[in-house]
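Note sheet for the following structure.
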Amino acid sequence: RRGARTSHVLRASERRAQTGDDSAESGADRGDKLMGRRGTFREAKEDDEATASVKKSVKLDGAFGKPSASKETWEPFQRTARAGLIEACLGGADGAAKPACEADLVMTSLYVAMEDDAFKSRTAVCLPVDAYVKRVDKLVNEFMQRDFPKLPVKEASDGPSADDVVAALEEYLYSQNDYRVPGGWREAYSPYRTYFHNVVAQKVGIPATLAALYIGCVERLKTKGALREEVDVMIVQKAKGASGAFGVTAPKAPWGSVRSSARDRPRGAVVCTPKMAITLQLQALKRAFWPWEWDDARDSGVLLAVEAAAYGGSDRMNTAAGVVGIIQPTGRPFGDLPMAILATERLLELDGGKGYEQRDLGILKFHDGKKKEALEHLEKYEAWKESGEADAAPQFVGDVVNLGGSDAVLAAELQVREDEALARVLLQLRKDALEETVGDGVKSGEV
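Here it is, written out as structure tokens:
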């Protein structure tokens, strides 16, 4: 056996010698062509221009060592998404939101996810929003082909009644396709229950995102002539507990109400407009990414953030620590400061550039180390409050709010704490700005 193997090797060597494969020149050529592990023969060639550009744009993120594209690659996706969102929500007459028949709420909701995906993942590939729009189109087409023809048609009528179409649509979405709201409010505080593409894929979402899906289906049915009447999509912002008091209850899925035959609305139910659906989605994302404990009774998490900014010099708890996040008194850091900023920026734009979101964005910018921007936002917020507009501002309560009991005395005490801490932050920011203007003058810490 050993002799046979030896003769086989000799015969192979003789063949290589006869063909000239053992020459140094041939070996060099073969080495250039062999790529990867030995034995895999692939021709070495240059990348085309597009491939070379993408490879060059991908680099390692120094903070986490993850691949990320250069800013020039993903920023256009973010700008496109923001422009589409603002155009839909503020591009109507007199700066109002465009109606659902002009701006597809499905696409507008996807703009929220598209911007966050580009900003968070630093990707060189845009979120395939058109594919998710087609999924909604497919849902409606399937409903029209399978369920719509089965609906009863009254005599002297050219189609099913709007009430029957709405009832069949809800049966199709919630029973046949199993779309549903989360089992509890804590589950609702997740981006995966808010982003439209996640909700379409996983079939579980907060009421605001399901309302966007519902409105998108209604508008498509109108386009196909299946609905000839106006349908209002209803949501419950503050669910009513069994005891009659607003409290901790399960979320409720949105439902349709034909405007011409509207019945009595449940307590707390409102018509969900396209702008409201987007605002509620952004509020849910802000809550999910907020890196401090959220006060459910006040529907705000700003108090801890303001006090951390005001007294962070003597206590590092609740302050930012580089890539680690916000230092928590107990447990691991949670939330995402840059993503909370991104959600708050869009909420502020939808509010017309003024309001309580101005305060929240200013504090977030402070913790992010952008003191000049923080001062600008907080001064605008202070001017807005002094103008008296704050007293007339609507107290809009999100659909993911977990309302506890309201104690007027406690609420007043918390408000005093917030005002004192905010005044201290403003004082420090103005002092820092003055010192920077003076330049080489005496620093306050040296006096």
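FYI, the numbering for the sequence shown is 539 to 985, going by our numbering.
Beta carbons are placed, not taken as given, at the ideal position from N, Cα and C, and that holds for glycine.
Note that the coordinates shown come from a computational prediction; the quantities given were computed from them, not determined experimentally.
Residue pairing of ALA807 in beta bridges, as defined by DSSP: VAL774. For VAL844, the enclosing alpha helix (DSSP H) begins and ends at 840-849. Spanning the alpha carbons of ALA706 and LEU765 requires a straight line of approximately 12 angstroms. For the pair of segments examined, the segment 726-743 was found to touch the segment 649-658: the number of CB pairs separated by less than 8 angstroms reaches three. Under DSSP, the beta-bridge partners assigned to VAL769 are VAL796.
Under DSSP, the beta-bridge partners assigned to VAL742 are ARG718. For TRP830, the closest of VAL844, HIS915, ALA822 by C-alpha to C-alpha distance is VAL844. One Cα belongs to VAL674, the other to ARG968, and the distance between them is close to 51 angstroms. Straight-line measurement puts the Cα of ASP970 at about 23 angstroms from the Cα of ARG955. DSSP places PRO812 inside the alpha helix (DSSP H), whose first and last residues are 812-827. Separation of the CB atoms of VAL678 and LEU759 is rounded to 6 angstroms, and the pair is thereby assigned contact status at 8 angstroms. In this structure, the CA atom of LEU885 is about 10 angstroms from the CA atom of ILE879.
Sorting ASP632, GLU640, ARG617, GLN616 by C-alpha distance to the C-alpha of ALA626 places GLU640 at the top. As DSSP reads the structure, ASP833 sits in a beta bridge with SER838.
The C-beta separation of LEU916 from GLY900 comes to about 4 angstroms, placing the pair in contact by the 8 angstroms criterion. Apart from sequence neighbours up to five positions away, the residues of its chain that approach GLY722 with a beta-carbon distance below 7 angstroms are ALA788, ordered along the chain. When C-alpha distances from SER799 are compared across MET814, THR817, GLU768, GLU920, the shortest belongs to GLU768. In the DSSP annotation of this structure, the continuous segment of the alpha helix (DSSP H) that includes PHE615 starts and ends at 609-628. Counting along the chain, no alpha helix (DSSP H) covers PHE686, and no H or E run does either.
Between GLU911 and LYS923, the gap from beta carbon to beta carbon reaches 9 angstroms or more.
When secondary structure is reduced to three states using DSSP, PHE904 falls in the helix class.
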